[in-house]
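Enquirer: Sequences listed follow chains R and L, in order. Be aware that the first sequence starts at 1, since it is given in our numbering, and climbs by one per residue. Be aware that the second sequence starts at 1001, since it is given in our numbering, and climbs by one per residue. Even for Gly, the Cβ is constructed at its ideal location relative to N, Cα and C. Quick one: the structure is below, questions incoming.
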Amino acid sequence: MYDFLFVLIPKYFPFLLKGAVVTLQLSVLSMALGILIGLAVALGRLARRPWLDWPLRCYVELWRGVPLVVQLLVIYFTLPQIGLTLSGFWAGVLGLSLNLGAYLSEVFRAAILSLDKGQREAGLSIGMSRNKIYLRVILPQALKIAIPTVGGYFISLLKDSSLVSFIAVNELLRHGSIVIANTFLSMQVYLMVAIIYFVLSFVAARGVHWIEQRLTPAHLRTGTRINASPISSKLTEAKS
Amino acid sequence: MNAEPILQISGLHKAYGDSKILRGVDLTVQRGEVIFLIGPSGGGKSTLLRCINFLETPCAGEITFTGERLCHQDNQIYQQVDESRLRMARSKMPMVFQQFNLFSNRTVLENVIEGPVHVLRRPRQEAIAEARVILDKVGLSARLDYYPDQLSGGQRQRVAIARALAMKPELILFDEPTSALDPELVSGVLDTIRQLAQEGMTMIIVTHEMNFARKLADRICFVADGGILESGSPEQLLATPARNSRIASFIQSMQH
């Protein structure tokens, strides 16, 4: 125990943290791209154009039907043969974001479809354009609905990004493996790796919760409902 | 007073697949007129209203609104103006819905200024000032910063009416505005509509509130089987023993 805390941690932790930084970079970049892809695909599919719908549907089905690690290997080893060589890091970002985009497109699509068409019609009936209705009424609400699920995907992504170690990206797990290859201290090092992953995920989960709360109007926030804000007291007065 | 009718509909048809909802409706509305559409469920009242605002695309017919022909028949083929002209027309004849359909991510004030700022391109401050006046008129000046889900049904519907008024409309379409309300909340909404009628607002109102229609209507149209079977002043249509047995039995059933 003494050894673990005062010898191994000071010695190897900084190196592992460097890997963790790469894990974070991979995850944040892939998340941002994945959200853009997911949103674009969801909107494309909701546009009700058959020529657009079926290729997008193929993309979603294919990417959800092949294991992520296989997708990463294909991108890393096959794309160079058609002249597109990506570094391990960017191959990882591409693979993770395409995979995430496929899943998120369904999340966004479901969120948009869950909104009743009444608000859309109300927008139309006062002369708003379809794009404006989407931008100002539908998407803000749909994104709010999607946030908990998207946050869940981000937390999964933090951990799934470890698969990128298969294509030689020096992220957290691979740094762990490197240390183990040199020291044979597999138990201790994997424990450190596990702790770092857990801390990352835990902080991310709190972050998602914080964003969720921020986007909820004050009167609907959990936990604040009881303390009588000016609004809630006016509300009870109005209802009585 | 301008003699040109504000809205002129002729030969309006609408079908979904094989089921024909409207079979050639003709209706002319004069400026300042308050018209009630009554009749049995499924008779086509709401569809007629939604076709006027082009929420439903008619299958055939002609609609002219404030002198602009929005759709017509050209050699038996239905034609309508492009999206942007349609939007312009819609902004002048907003609709008030049975389910209110307020933008739930926006406050009361934001709901009301949405159209003026983003459709009519009015400066935000002016739009806010006008919205305050309108919301005061419908009795909601104390609720500007509330979200729709903090309001009662009656209050929501009055916000929806305010949202329509903020467009400075030529005509307001009401689709069963009180049908989703608890009985005790109906009167507030009806008072608001009554006030608009007194100010000379042109309105087409689909409703089941027969007493309200009787008191307020310039003209009542009895809609059934996809057409206007009969129309006339409340006295003509409701008070005298109806000439049409369908109307008589409908009115009878509404009085229970």
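1. Once DSSP output is grouped into helix, strand and coil, what is the label at residue 1059 of chain L?
2. Alpha helix (DSSP H) containing residue 1024 of chain L: first to last residue?
3. For a quick check, are the C-beta atoms of residue 1216 of chain L and residue 1029 of chain L less than 9 Å apart?
4. State the start and end residues of the unbroken beta strand (DSSP E) segment that holds residue 1011 of chain L.
5. So, for residue 1153 of chain L: in the same chain, excluding its five sequence neighbours on each side, which residues have a beta-carbon less than 8 Å away from its beta-carbon?
6. Alpha carbons only, please: which of R:207, R:46, R:21 is nearest the one belonging to residue 113 of chain R?
7. Please classify residue 160 of chain R: does DSSP put it in a helix, a strand, or coil?
8. What are the start and end residues of each continuous alpha helix (DSSP H) run of 4 or more residues lying completely inside the segment 1039–1101 of chain L, in chain order?
9. Suppose you measure from the CA of residue 1236 of chain L to the CA of residue 1032 of chain L; what does that come to, to the nearest Å?
10. When you compare the CB of residue 132 of chain R with every CB in chain A, is at least one pair closer than 9 Å?
11. May I ask which residues mark the beginning and end of the alpha helix (DSSP H) holding residue 41 of chain R?
12. Using a Cβ cut-off of 9 Å, pull out every chain R residue sitting near residue 1055 of chain L, in sequence order please.
13. Roughly how many whole angstroms lie between the Cα atoms of residue 40 of chain R and residue 63 of chain R?
14. Look up residue 1205 of chain L in the DSSP assignment and give the residues it is bridged to.
15. Between residue 1009 of chain L and chain R, is the shortest Cβ-Cβ distance under 9 Å, so that the two count as touching?
16. If the cut is a Cβ gap below 8 Å, which residues of chain L does residue 141 of chain R touch?
17. Of all the CB atoms in chain R, is at least one closer than 9 Å to the CB of residue 1045 of chain L?
18. Rounded to the nearest angstrom, what separates residue 310 of chain R and residue 80 of chain R at their Cα positions?
19. DSSP puts residue 1194 of chain L in a beta bridge; with which residues?
20. Around the Cβ of residue 1142 of chain L, are there at least 16 other Cβ atoms within 10 angstroms (buried) or fewer (exposed)?
21. For residue 1067 of chain L and residue 1003 of chain L, what's the separation of their Cα atoms in angstroms?
22. For residue 71 of chain R, which residues of its own chain have a beta-carbon under 8 Å away from its beta-carbon, when the five flanking residues on both sides are left out?
23. Look up residue 121 of chain R in the DSSP assignment and say whether it is helix, strand or coil.
24. Please confirm if the segment 1216–1226 of chain L is in contact with the segment 1104–1113 of chain L, defined as three or more CB-CB distances below 8 Å between the two stretches.
25. What did DSSP end up calling residue 1219 of chain L once you bin it into helix, strand or coil?
26. Between residue 1015 of chain L and residue 1059 of chain L, which are expected to be in contact by the criterion C-beta below 8 Å, what is the C-beta distance as a whole number of angstroms?
27. Are the CB atoms of residue 1007 of chain L and residue 1065 of chain L within a distance shorter than 9 Å?
28. Can you tell me whether residue 58 of chain R is buried or exposed, with buried defined as 16 or more other CB within 10 angstroms of its CB?
29. Between residue 137 of chain R and chain L, is any beta-carbon pair separated by less than 9 Å?
30. Nearest chain L C-beta to residue 148 of chain R closer than 9 Å, yes or no?
31. Around the Cβ of residue 1148 of chain L, are there at least 16 other Cβ atoms within 10 angstroms (buried) or fewer (exposed)?
32. Quick one: which chain L residues come within Cβ less than 7 Å of residue 209 of chain R?
33. What residues from chain R crowd round residue 1087 of chain L, counting only those whose CB sits closer than 7 Å?
Expert: Straight from the coordinates:
1. Coil, per DSSP.
2. It is not in any alpha helix (DSSP H) - residue 1024 of chain L instead sits in the beta strand (DSSP E) that spans 1019–1029.
3. No; because the gap between Cβ atoms is not below 9 Å, this pair is not in contact.
4. From DSSP, the beta strand (DSSP E) with residue 1011 of chain L extends over 1007–1016.
5. Contacts found: 1100, 1180, 1181, 1182, 1185.
6. Closest option to residue 113 of chain R, Cα to Cα, is R:46.
7. Note: residue 160 of chain R maps to helix in three-state DSSP.
8. You should have 1045–1052, 1083–1091.
9. Cα-Cα distance, rounded: 20 Å.
10. Among the chains of the structure shown, chain A does not appear; the protein chains present are R and L.
11. Looking at the DSSP string, the run of the alpha helix (DSSP H) that includes residue 41 of chain R is 9–46.
12. Simply 121, 124, 125.
13. Taking the straight line from one Cα to the other gives about 16 Å.
14. Per the DSSP secondary-structure output, residue 1205 of chain L pairs in a beta bridge with L:1036, L:1174.
15. The C-beta of residue 1009 of chain L comes no closer than 9 Å to any C-beta of chain R.
16. What residue 141 of chain R touches in chain L: 1104, 1105.
17. No, residue 1045 of chain L lies away from the interface with chain R (no Cβ there is under 9 Å from its Cβ).
18. It is not possible to answer for residue 310 of chain R, since the shown part of chain R is limited to 1 through 240.
19. Under DSSP, residue 1194 of chain L forms no beta bridge with any residue.
20. By the 10 Å Cβ count, residue 1142 of chain L comes out exposed.
21. Using only the alpha carbons, I get a separation of about 11 Å.
22. 63, 95, 98, 99, listed in sequence order.
23. Residue 121 of chain R sits in a helix when the DSSP states are folded into three classes.
24. Fewer than three pairs of CB atoms, one per stretch, sit closer than 8 Å, so the segment 1216–1226 of chain L makes no contact with the segment 1104–1113 of chain L.
25. Residue state, collapsed to three classes: strand.
26. Residue 1015 of chain L to residue 1059 of chain L, Cβ: 5 Å. Contact.
27. With contacts defined by Cβ atoms closer than 9 Å, residue 1065 of chain L and residue 1007 of chain L form a contacting pair.
28. Counting Cβ neighbours within 10 Å, residue 58 of chain R comes out exposed, since fewer than 16 surround it.
29. Taking Cβ atoms only, chain L reaches closer than 9 Å to residue 137 of chain R, which makes this a yes.
30. It does not; no Cβ of chain L falls within 9 Å.
31. So residue 1148 of chain L counts as buried.
32. Those within 7 Å of residue 209 of chain R in chain L number zero; the least Cβ separation is about 20 Å.
33. Residues of chain R passing the Cβ test: 127, 129.
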